[in-house]
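S.K.:
Numbering (this note's numbering), first residue to last: 2 to 361.
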């Protein structure tokens, strides 16, 4: 009996201590944040500070007095800027600043020095991703949805700890290949933008489980999308590729250098740095194999850019982008209405994978 009473007392003490670590000033219609009535000891103990749903136009530098702060919510105010004092919060892990009036000029210069793991700037006025944000090397979750972003900076690749990137509801037209350099990225949300294509480099996102691309301008997907082995959700509704299919074929004849390179690679002629200049060796090493299983050819710079269709879930014909070595590889070689490359793609993907690709 005494043991149970002791455990209950310990739990009660822990709960009281947790409450003591929280300071909730939310929904009080505050125009400014006054800390004069808070003792120094109390400031030291605070780990979570809620200032959300007030009328704050700026964040007072007095926030830096809560030097053990780990969580700060300043969402749903009228904030135009974040004070320099926030950079002195050396233990801050989570910053929520949704639905304010912040833009790329609102952040202090040293904002990137914070140890943030979660940052939410959704519903603000950012036209660019602040470069300070790309210096937050511990960041695991970044949300900038519902802003005015037109692009994603290449520096996004610096956020190597990132697991979730939410950029839905912006004006983004392209996905930079640098996004593929985020090794732990699990959730990528790019819905409700103006994206016209998906870079094939995204196949390097080996941890990606959910990719939201609905309500964009996609007419095809790269064939490499099938290599995302962990992918469980691919949302594509509201794209032209779902409501109409586009067939396209372009081809530039190969140059003499490419013809020679194709001959060497397709006939397995051996070569080494002692035989050829280093630039030619590098060129030959860049050969891409034609995906047509009936073709043993390769290509370098000259290839056929071709839309082809793969059945998903037995219901949709999804257009994927193909790069073939010649126009002949696009024509059917049998009575099958699909090309060999179509059959090859469908047979190479397990049925359980196809069932996890969603069009809505």
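Built from N, CA and C at the ideal position, the CB exists for glycine as well.
How is residue 228 classed by DSSP in three states: helix, strand or coil?
M.R.: DSSP places residue 228 in helix when its eight states are reduced to three.
S.K.: Report yes if the C-beta distance between residue 209 and residue 229 is below 8 Å; otherwise report no.
M.R.: Yes, Cβ-Cβ distance for residue 209 and residue 229 is below 8 Å.
S.K.: Would you kindly report the start and end of the unbroken alpha helix (DSSP H) that includes residue 51?
M.R.: No alpha helix (DSSP H) contains residue 51, which is instead part of the beta strand (DSSP E) from 49–51.
S.K.: Assign residue 300 to one of two classes, buried (16 or more other C-beta atoms within 10 Å of its C-beta) or exposed (fewer than that).
M.R.: Residue 300 is buried by the Cβ-count criterion.
S.K.: With H, G and I counted as helix, E and B as strand and the rest as coil, what does DSSP make of residue 21?
M.R.: Helix at residue 21.
S.K.: For residue 32 and residue 106, I'd like the C-alpha separation in whole angstroms.
M.R.: When rounded, the distance between both Cα atoms is 22 Å.
S.K.: Short check: CB of residue 183 to CB of residue 158, under 8 Å?
M.R.: Cβ distance < 8 Å, so residue 183 and residue 158 count as in contact.
S.K.: For residue 240, tell me which candidate among 189, 196, 102 and 275 has the shortest Cα-Cα distance.
M.R.: Of the candidates 189, 196, 102 and 275, the one whose C-alpha sits nearest the C-alpha of residue 240 is 196.
S.K.: Roughly how far, in whole angstroms, is the beta-carbon of residue 99 from the beta-carbon of residue 79, given that I think they are within contact range, below 8 Å?
M.R.: Not quite, the Cβ-Cβ distance comes to about 13 Å (not below 8 Å), so this is no contact.
S.K.: What residue from 87, 118 and 147 has the CA that sits closest to residue 128's CA?
M.R.: With distances taken between Cα atoms, residue 128 lies closest to 147.
S.K.: DSSP state of residue 284, grouped into three classes?
M.R.: DSSP places residue 284 in helix when its eight states are reduced to three.
S.K.: Where does residue 253 sit, in a helix, a strand or coil, going by DSSP?
M.R.: Correct three-state label for residue 253: coil.
S.K.: Answer with buried or exposed for residue 74, where buried requires no fewer than 16 other C-beta atoms within 10 angstroms of its C-beta.
M.R.: So residue 74 ends up on the buried side.
S.K.: I need the DSSP call for residue 37, collapsed to helix, strand or coil.
M.R.: Of the three classes helix, strand and coil, the one that applies to residue 37 here is coil, per DSSP.
S.K.: What does the alpha-carbon distance come out to for the pair residue 328 and residue 260?
M.R.: Cα to Cα, residue 328 sits roughly 15 Å from residue 260.
S.K.: To the nearest angstrom, how far is the alpha carbon of residue 47 from that of residue 40?
M.R.: Cα-Cα distance, rounded: 11 Å.
S.K.: When we look at the beta-carbon of residue 338 and count the other beta-carbons within 10 Å, is it buried (16 or more) or exposed?
M.R.: Only weak support is given to the placement of residue 338: the predicted model assigns it a pLDDT of 33, under 50, and the question is left unresolved by the model.
S.K.: I need the DSSP call for residue 82, collapsed to helix, strand or coil.
M.R.: Strand.
S.K.: Looking at the unbroken beta strand (DSSP E) that takes in residue 302, where does it start and where does it end?
M.R.: Looking at the DSSP string, residue 302 is not in any beta strand (DSSP E), and its letter there is neither H nor E.
S.K.: Who does residue 234 pair with in a DSSP beta bridge?
M.R.: According to DSSP, residue 234 bridges with 211.
S.K.: DSSP on residue 159, reduced to helix/strand/coil?
M.R.: If DSSP states are grouped into helix, strand and coil, residue 159 belongs with the helices.
S.K.: Does residue 290 come out as helix, strand or coil in the three-state DSSP assignment?
M.R.: If DSSP states are grouped into helix, strand and coil, residue 290 belongs with the strands.
S.K.: Which class does residue 65 belong to by DSSP, given the choice of helix, strand or coil?
M.R.: If DSSP states are grouped into helix, strand and coil, residue 65 belongs with the helices.
S.K.: In terms of DSSP beta bridges, what is residue 74 paired with?
M.R.: In DSSP, residue 74 forms a bridge with 51 and 97.
S.K.: So, with DSSP's three-state summary, where would you put residue 114?
M.R.: Looking at residue 114 - three-state DSSP - the assignment turns out to be helix.
S.K.: Would you call the CB atoms of residue 86 and residue 65 closer than 8 Å?
M.R.: Cβ atoms of residue 86 and residue 65: closer than 8 Å.
S.K.: So residue 166 and residue 203 are supposed to be a Cβ contact under 8 Å. How far apart are they, rounded?
M.R.: 12 Å between Cβ atoms; not a contact.
S.K.: Quick one: Cα of residue 96 to Cα of residue 138, how far?
M.R.: If I take the Cα positions, the gap works out to 15 Å.
S.K.: What does the Cβ neighbour count give for residue 270, buried or exposed, with the cut at 16 atoms within 10 Å?
M.R.: Exposed.
S.K.: Using a 10 Å radius around the Cβ and a threshold of 16 neighbouring Cβ atoms, would you call residue 207 buried or exposed?
M.R.: Residue 207 should be labelled exposed.
S.K.: In chain order, what residues of the same chain have a beta carbon less than 6 Å from the beta carbon of residue 59, not counting five sequence neighbours either side?
M.R.: Cβ neighbours of residue 59 beyond the five flanking positions: 82.
S.K.: Flag this pair as yes or no: are the beta carbons of residue 191 and residue 213 separated by less than 8 Å?
M.R.: The answer is yes: Cβ separation under 8 Å.
S.K.: Leaving out five residues on either side along the sequence, give the residues of the same chain with a beta carbon under 7 Å from the beta carbon of residue 354.
M.R.: Model confidence at residue 354 stands at a pLDDT of 48, short of 50, so the residue's coordinates are unreliable and nothing is read from them.
S.K.: Going by beta carbon distance, what residues of the same chain come within less than 6 Å of residue 253, once the five residues before and after it are set aside?
M.R.: So the list reads 303, once near-sequence residues are dropped.
S.K.: When burial is assigned at 16 or more other CB atoms within 10 Å of the CB, is residue 217 buried or exposed?
M.R.: Residue 217 should be labelled buried.
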